[in-house]
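**Student:**
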Amino acid sequence: MSNIEIKKISSKKTIAGFDGNIWLTITEVSYLNGLNVATIRESCAEREGSYRGGRYIFRKIGKRYEILLTSLPESIQAEYWLKHHKPANSTLPVLKHKQENHPFDAEVYEAIADQYSRKAAGIKEEAQRRVYILDEYLKLLKGGFKRKKALEIIESHYKDISRATLWRWEQRIAKHPRQYWEVMLAPDHKGRSRTEIHPDAWFFFRREYGQLSEPDATAIYRETVKAAVQNGWGELPSCRTFLRRWEDDVPENEKILLRKGRTALKESLPHLKRDYTTRAVHEVWESDGRKADVFCLWPDGTIDRPWCVVIRDIRTRMPLAIKVYRTTNAELVIDAFRNAVLLTGTIPTYFHIDNGPEYSNNPFTGGQKSPFRYTVIKNQPIGVLTRLGVEPLWATPYHGAAKAIESWWNVIAKMLISYVELLIQVPIL
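Here it is, written out as structure tokens:
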């Protein structure tokens, strides 16, 4: 394209603050209009800049195409304006506004700002959103867009914005300092006034409603009304008011503890994720027993489900020993520990074990405290772990998540079910 043609195009009306000679790379244009880079390059290389809805004015510098900003749709130019406009630094001296130019004096503005700081977070977020939208609208007007076109651009970006809404926002901030726009644009919603409840009545309702039996709120409210009449607590608000006070004033953890119990509270708390990389190999072993979900025919003719005892390394989660027997006892656990030591040629520093009697016994852990031995008795037999200098780590009672091996058992159980189902499908010849 000749320089004369470019000058003609550059001389057309452009956005205020921009000259008509701004060239953008294909990547920048793609970011603005959302089209693929290859599609824009193809329009320039093969169709002389023609595309659906218009025509790019472009130039080629080396192997790179550049497109003139003013040849893009007006909405795209507005996007570029909003992202790149920076107010020019004035060389004139800064003039301080006289106090009478503002509707309020400094003390009133400070009082309004202090009141705004106490508003709810949702109100502040809405005020900040209004300032952001109004800022963009005023930038478009300053950039040379007519009000109708600027409104169309704003409506395409935000929902529930009308000409009347923007006009009301402009009237709110008129003549007010820029730093107080957010305060002036805050919604006027004051929220529901808090209904007073007699302290004794609220204590009675909270105590009776916060029971593990999870009583119905209506029944507790009737009992509260009766108690109010007997004790002269005055007229009480509705049951819904009591329930709102319960939801707003009682901490969530306390509500779960009072009406659901300790177990529910423990399950509601976020779970910690174990980091095995902090452990050395064979630093910590763990062991647990489980009754298998199969029936076996034993040599004496008994049909019963066998017990499995497993020992594995915490760091690698590798099983080191597995022992199976009709019942679980100290002998079975000691035999499994012996096999693990012989296999690895080492002993752990810590041993994370269950709190059952097959582990908490004198032959295995004697000489150390356990869930059944709060003190070490004099002349108590010394167990295997104590002789080897291994410190037992006892699992929390009735807390399956305390041992990582519990989830490993679930994996083994699912694999066993799949294996049994496969055997059932095999025809017997």
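In the working numbering, the protein residues as written are 4 to 432. Note that CB positions come from ideal geometry on N, CA and C, so glycine has one too.
Please go through the stretch 23-59 and give each complete beta strand (DSSP E) segment of 3 or more residues, from N-terminal end onward.
**Tutor:** Whole beta strand (DSSP E) segments, 3+ residues: 26-28.
**Student:** Alpha carbon to alpha carbon, what distance is there between Glu-289 and Thr-281?
**Tutor:** As a first step, residue 281 must be located in the sequence shown, where it is residue number 278. As a first step, residue 289 must be located in the sequence shown, where it is residue number 286. If you take the alpha carbons of Thr-281 and Glu-289, they lie about 16 Å apart.
**Student:** Nearest by alpha-carbon distance to Ile-298: which of Leu-419, Val-40, Asn-332 and Asp-316 is it?
**Tutor:** Position 295 of the sequence shown, counting from 1, holds the residue named residue 298. According to the sequence as given, residue 298 is Phe; it is not Ile. Comparing Cα-Cα distances from Phe-298 to each of Leu-419, Val-40, Asn-332 and Asp-316, the minimum goes to Leu-419.
**Student:** Just tell me which of Phe-61, Arg-277 and Gly-359 has its CA closest to the CA of Glu-69.
**Tutor:** The count along the sequence shown starts at 1 and reaches residue 69 at position 66. Considering only alpha carbons, the answer is Phe-61.
**Student:** So which of Ile-408, Glu-155, Arg-44 and Leu-137 has the shortest CA-CA distance to Arg-293?
**Tutor:** Within the sequence shown, the letter at position 290 stands for residue 293. Taking only the C-alpha atoms, the option nearest Arg-293 is Ile-408.
**Student:** Using DSSP's beta-bridge definition, name the partner residues of Trp-397.
**Tutor:** Working through the sequence shown from its first residue, we reach residue 397 at position 394. Answer is Ile-356, bridged to Trp-397.
**Student:** In chain order, what are the residue ranges of uninterrupted alpha helix (DSSP H) at least 4 long that sit wholly in the stretch 200-278?
**Tutor:** The alpha helix (DSSP H) runs of length 4 or more contained entirely in the stretch 200-278 are, from start to end of the chain, 202-212, 220-234, 242-252, 255-262 and 265-271.
**Student:** Tell me which same chain residues have a C-beta within less than 8 Å of the C-beta of Asp-296, skipping the five on either side of it?
**Tutor:** To locate residue 296, count along the sequence shown from 1; it is residue 293. Excluding positions up to five away in sequence, the list reads Arg-308, Ala-416, Leu-419 and Ile-420.
**Student:** Determine the burial state of Ile-29: buried for a count of at least 16 other Cβ atoms within 10 Å of its Cβ, exposed for fewer.
**Tutor:** Here residue 29 corresponds to residue number 26 of the sequence shown, with the count starting at 1. So Ile-29 counts as buried.
**Student:** Whole angstroms is fine: what's the gap from Pro-395's alpha carbon to Thr-330's?
**Tutor:** Along the sequence shown, one-based indexing puts residue 395 at 392. Along the sequence shown, one-based indexing puts residue 330 at 327. Looking at the two C-alpha atoms, the distance is approximately 23 Å.
**Student:** Measure how close the beta-carbons of Glu-286 and Arg-320 come, nearest whole angstrom, since I'm counting them as under 8 Å.
**Tutor:** Reading the sequence shown from its first residue, position 283 is the one you call residue 286. Reading the sequence shown from its first residue, position 317 is the one you call residue 320. Contact flag wrong, Cβ pair sits at about 13 Å.
**Student:** Residues in its own chain within less than 7 Å of Ala-222 by CB, not counting five upstream and five downstream?
**Tutor:** Translated into positions along the sequence shown, residue 222 becomes position 219. Correct list: empty, nothing qualifies.
**Student:** Under 8 Å, do Pro-400 and Pro-360 count as touching if we go by C-beta distance?
**Tutor:** Sequence index remark: in the sequence shown, residue 400 carries index 397 (1-based). Sequence index remark: in the sequence shown, residue 360 carries index 357 (1-based). No; because the gap between Cβ atoms is not below 8 Å, this pair is not in contact.
**Student:** Between the alpha carbons of Leu-35 and Leu-75, how many angstroms are there, rounded?
**Tutor:** Locating residue 35 in the sequence shown gives position 32, where the first residue counts as 1. Locating residue 75 in the sequence shown gives position 72, where the first residue counts as 1. Taking the straight line joining both Cα atoms gives about 10 Å.
**Student:** Return the CA-CA distance between Phe-130 and Glu-250, expressed in angstroms with no decimal places.
**Tutor:** As a position in the sequence shown, residue 130 is number 127, starting the count at 1. As a position in the sequence shown, residue 250 is number 247, starting the count at 1. The question names Phe, yet the displayed sequence has Ala at residue 130. Computed Cα separation, rounded: 27 Å.
**Student:** So which of Trp-184, Cys-311, Lys-258 and Phe-340 has the shortest CA-CA distance to Leu-323?
**Tutor:** Stepping through the sequence shown from its first residue, residue 323 is reached at position 320. Looking at Trp-184, Cys-311, Lys-258 and Phe-340, the one whose alpha-carbon comes closest to that of Leu-323 is Phe-340.
**Student:** Where does Arg-363 land, buried or exposed, given buried means 16+ other C-beta within 10 angstroms?
**Tutor:** Position 360 of the sequence shown, counted from the first residue, corresponds to residue 363. Note on residue identity: the sequence assigns Ser, not Arg, to residue 363. With 16 or more Cβ atoms within 10 Å of its Cβ, Ser-363 is classed as buried.
**Student:** Mind checking Trp-184: buried by the 16 CB within 10 Å criterion, or exposed?
**Tutor:** Position 181 of the sequence shown, counting from 1, holds the residue named residue 184. Burial call: buried.
**Student:** According to the neighbour-count rule (16 or more other Cβ atoms, all chains shown, within 10 Å of its Cβ), is Gln-214 buried or exposed?
**Tutor:** In the sequence shown, the residue the question calls residue 214 occupies position 211. So Gln-214 ends up on the exposed side.
**Student:** On the DSSP letters alone, give me the boundaries of the alpha helix (DSSP H) that Pro-180 sits inside.
**Tutor:** Walking along the sequence shown from the start, residue 180 turns up at place 177. Taken as a continuous stretch (DSSP letters only), Pro-180 belongs to no alpha helix (DSSP H), as it is neither H nor E.
**Student:** Have a look at Glu-238 and Ser-216 and give me their C-alpha separation to the nearest angstrom.
**Tutor:** As a position in the sequence shown, residue 238 is number 235, starting the count at 1. As a position in the sequence shown, residue 216 is number 213, starting the count at 1. Going by the C-alpha atoms only, they are around 28 Å apart.
**Student:** Sort Leu-345, Thr-378, Asp-338 and Ile-136 by Cα distance to Lys-162 and report the nearest one.
**Tutor:** Translated into positions along the sequence shown, residue 162 becomes position 159. For the residues Leu-345, Thr-378, Asp-338 and Ile-136, the minimum Cα distance to Lys-162 belongs to Ile-136.
**Student:** Taking Thr-234 as the reference, give the member of Lys-269, Lys-276, Leu-143 and Pro-202 with the closest Cα.
**Tutor:** By one-based count along the sequence shown, residue 234 stands at place 231. Note on identity: in this sequence residue 234 is Asn, with Thr being the wrong assignment. Measuring from the Cα of Asn-234, the nearest candidate turns out to be Pro-202.
**Student:** Since His-179 and Pro-254 should fall inside the 8 Å C-beta cutoff, what is the C-beta to C-beta distance between them, to a whole number of angstroms?
**Tutor:** On the sequence shown, residue 179 is found 176 positions in, with the first residue counted as 1. On the sequence shown, residue 254 is found 251 positions in, with the first residue counted as 1. In fact, because the Cβ distance is near 40 Å, the residues do not count as touching under 8 Å.
**Student:** In or out: Arg-50 buried (at least 16 other Cβ within 10 Å) or exposed?
**Tutor:** Taking the sequence shown and counting its residues from 1, one reaches residue 50 at position 47. Classification of Arg-50: exposed, given that the 10 Å Cβ count is below 16.
**Student:** Indicate the three-state DSSP secondary structure (helix, strand or coil) for Asp-138 in the structure shown.
**Tutor:** As a working mapping, residue 138 is identified with position 135 in the sequence shown. Helix at Asp-138.
**Student:** So, are the CB atoms of Val-313 and Asp-291 less than 8 Å apart?
**Tutor:** Counting from one through the sequence shown, the residue named residue 313 turns up at place 310. Counting from one through the sequence shown, the residue named residue 291 turns up at place 288. Against a cut-off of 8 Å, the Cβ pair of Asp-291 and Val-313 comes out as a contact.
**Student:** Between Ser-216 and the ligand NAP, is there a pair consisting of the residue's CB and a ligand heavy atom that are separated by less than 7 Å?
**Tutor:** Among the ligands in the structure shown, none appear at all, so the ligand NAP cannot be discussed.
**Student:** Measure the C-alpha to C-alpha separation of Glu-155 and Gln-174 and round it to an integer number of angstroms.
**Tutor:** The sequence position of residue 155 within the sequence shown is 152, counting from 1. The sequence position of residue 174 within the sequence shown is 171, counting from 1. Cα to Cα, Glu-155 sits roughly 20 Å from Gln-174.
**Student:** Rounded to whole angstroms, what is the Cα-Cα separation between Asn-413 and Asp-278?
**Tutor:** For the purposes of this step, residue 413 is identified with residue 410 of the sequence shown, where counting begins at 1. For the purposes of this step, residue 278 is identified with residue 275 of the sequence shown, where counting begins at 1. Here the alpha carbon of Asn-413 sits roughly 20 Å from the alpha carbon of Asp-278.
**Student:** Got a sec? Which residues, its chain only, sit under 6 Å from Leu-261 by beta carbon, not counting five neighbours each side?
**Tutor:** Along the sequence shown, one-based indexing puts residue 261 at 258. Counting only Cβ-Cβ distances below 6 Å, and skipping sequence neighbours, we find Gly-213.
**Student:** Report, in whole angstroms, the separation of the C-beta atoms of Val-32 and Ile-25, which I expect to be a contact under 8 Å.
**Tutor:** Here residue 32 refers to the residue found at position 29 when the sequence shown is read from its first residue. Here residue 25 refers to the residue found at position 22 when the sequence shown is read from its first residue. Incorrect: roughly 12 Å between the Cβ atoms, too far for contact.
**Student:** So is Gly-386 buried or exposed if we call it buried at 16+ other beta carbons inside 10 Å?
**Tutor:** Your numbering for residue 386 matches position 383 in the sequence shown. So Gly-386 ends up on the buried side.
**Student:** Count the other C-beta atoms from every protein chain shown that fall within 10 angstroms of the C-beta of Ala-124, then say buried if there are 16 or more, exposed otherwise.
**Tutor:** For this step, residue 124 is matched to residue 121 along the sequence shown. Ala-124 should be labelled exposed.
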